[in-house]
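Enquirer: Dropping a structure here in structure tokens format, bear with me for questions.
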Amino acid sequence: MNKRCTAFILTVLLVSLLVPVVASAQQAWIVDILANPSRNWNRTVTLTGQVQNVDANPAGTTRGTYTLLDESCPTAMTVRTNDLPPVGKTFVVTGIVIQDAASSAPILKEVSRSSPGMSTTMIAVLAGAGILFLGLLVVFVVVLMRNKQAAPAPAPVATMRPAAAETIRPAPRPASPPPPPAPAPVADGGRTMKIPPAAEKTQVFMSLGADLLVEKGPDKGKEVPLHKPVTTIGRPGARQNDVELSDDTVSKDQASIYYDGARKVFSIANESSTNPTKVNGQQISGPTQLENGSVIELGRTTLRFKKN
């Protein structure tokens, strides 16, 4: 009876911890919020989508708004935040649906933002569930040991030791034959000796048929072939950029070039909240397609996109 009561109490505690967390982590869609704003006012929701445009307010700070686009509709939703994210990346955003004072449209006041995958809250819940499970297991083992100690010991039974049996030793195994000798070098007319080359691993380099040429800036003349689906550009820093520039007016996470293998199309997205990225003289706010000969301006550096 004691064991059953303990197991029931631990199960109730586990369910009471999991139910509020699961209920609060409801996934929502932008199309539902925009279609029924009155049902979502002051509601905490979670959206998963790609960052489109970023607008710092005041300018030069990390505060402001950005638009988030998911798979439910072609209309993006505005998110208010104190930490502007990079353009073109996908995030899981949790926030409160509020009414924009200027347009009366629903917007999201950001509470937390993370990359797609298991959230910190879910990891904590799983860890707590594991601790509760271990506690239940320990209680079960303790109760089992107490019951075993309380049981009377069985009466001793007289036993007779059997006579020692004759030991049979296995016959020795024949020695394994020695390995064959290595092949002797082949003589070539008495002048040179040919030895078979050892196998080597070759790394395959796949070019996507496009290059970046630095036409202006401290790295002028540098040319980088594009061979990855995502090519990162910026100053040396925490992120290992594929195209590293020594220009101090370029951000460490300045921009990225994306390759669409199905359409054979390259596009570039600005990822800096302080330094703009321009394509053919126009400042970009979202992913912009690159054509052969497109000019990319980053700080004092100018790059030219070339297709082979």
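For the sequence shown, position 25 matches number 15 in my numbering, and the numbering has no gaps at all.
Cβ coordinates follow ideal geometry from the N, Cα and C atoms, glycine included.
Leaving out five residues on either side along the sequence, give the residues of the same chain with a beta carbon under 8 Å from the beta carbon of V9.
Expert: At V9 the pLDDT is 46, less than 50, meaning the model places this residue with poor confidence; the figure from the coordinates comes in the next sentence. Contacts found: none.
Enquirer: For the beta strand (DSSP E) holding I300, just list the boundary residues, first then last.
Expert: Since the displayed the chain opens at -9 and closes at 298, residue 300 lies outside it and no answer follows.
Enquirer: Are the region 225 to 245 and the region 279 to 289 in contact at 8 Å, needing three or more beta carbon pairs?
Expert: yes
Enquirer: Note down the Cα distance separating R33 from I88, rounded to an integer number of angstroms.
Expert: The straight-line gap from Cα to Cα measures roughly 8 Å.
Enquirer: Does DSSP classify N298 as helix, strand or coil?
Expert: coil
Enquirer: Let me know the secondary structure DSSP gives G224 once reduced to three states.
Expert: strand
Enquirer: Going by the CB atoms, is the gap between S246 and L261 shorter than 8 Å?
Expert: According to the sequence shown, residue 261 is Glu rather than Leu. Yes, they are a contact pair.
Enquirer: Please state the DSSP three-state secondary structure of D45.
Expert: strand
Enquirer: With DSSP as the reference, label N231 as helix, strand or coil.
Expert: coil
Enquirer: Mind reading off the beta-carbon distance from N43 to G276? Whole number of angstroms is fine, and I expect it under 8 Å.
Expert: 6 Å
Enquirer: Leaving out five residues on either side along the sequence, give the residues of the same chain with a beta carbon under 8 Å from the beta carbon of I20.
Expert: Cβ neighbours of I20 beyond the five flanking positions: L37, G39, L58, L59, D60, S62, C63, T65, A66 and M67.
Enquirer: Restricting to Cα atoms, I'd like to know which of V35, I23, A200 and N282 is closest to I86.
Expert: V35
Enquirer: Could you spell out the range, first to last residue, of the alpha helix (DSSP H) harbouring L24?
Expert: I20 to A25
Enquirer: Looking only at DSSP bridge pairs, what is G39 linked to?
Expert: G39 pairs with F81.
Enquirer: Should S94 go down as buried or exposed, given a rule of 16 or more other Cβ atoms within 10 Å for buried?
Expert: Exposed, because fewer than 16 other Cβ atoms sit within 10 Å of the Cβ of S94.
Enquirer: Can you check whether the CB of I23 is closer than 8 Å to the CB of P96?
Expert: yes
Enquirer: Considering T267, what are the terminal residues of the beta strand (DSSP E) in which it resides?
Expert: T267 to V269
Enquirer: Should A114 go down as buried or exposed, given a rule of 16 or more other Cβ atoms within 10 Å for buried?
Expert: Result: exposed.
Enquirer: Thinking T264 and G120 are a contact (beta carbons under 8 Å), I'd like their distance in whole angstroms, please.
Expert: That pair is no contact at about 43 Å.
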